[in-house]
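What follows is a set of notes on a single structure, which appears directly below.
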Amino acid sequence: MLNIVSILIGLFALLFAMVGIIPFPLVPLLNWIAFPIALVGAVIGMLSSSNTGRNLNFVILAISGFRLFLTGGLI
C-alpha cells in the first residue's frame with residue numbers, strides 16, 4: 001500500500017518537475033516545489049517493501065535537483 005502512495009506522490013511531483021524544465025521566466029521555480037514532494041515520496045517508498053515508488057521519486061529528485069544545480073537554484 002505504501003508503494004502505491006509513493007508512486008502517486010511521485011507522479012504528482014513529476015508534473016511539477018516536467019513543467020519546471022521549461023526555460024521560461026519563473027517556470028523553473030516549480031522545481032523547488034517538486035523537490036520536497038519527491039523527497040517525501042522517496043521516504044514513503046523506503047518504508048515500503050517494493051522499490052518502484054522509491055526509485056521513481058529518486059529519478060524525480062535527480063531531475064529537479066540537476067535543474068536547480070544548473071541554474072544555481074534560482075531560475
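Residues in the sequence shown are numbered consecutively from 1, following full-length UniProt numbering.
Backbone N, C-alpha and C define an ideal beta-carbon position, used for all residues, glycine too.
Between the stretch 37-46 and the stretch 9-23, the count of Cβ pairs shorter than 8 Å is three or higher; the stretches touch. The beta carbons of R67 and I33 sit no closer together than 8 Å. A distance below 8 Å separates the beta carbons of A42 and F58. Spatial neighbours of I60 in its own chain (CB-CB distance under 7 Å, excluding positions within 5 residues in sequence) are listed in chain order as G10, A13, L14, A17, A34, A38.
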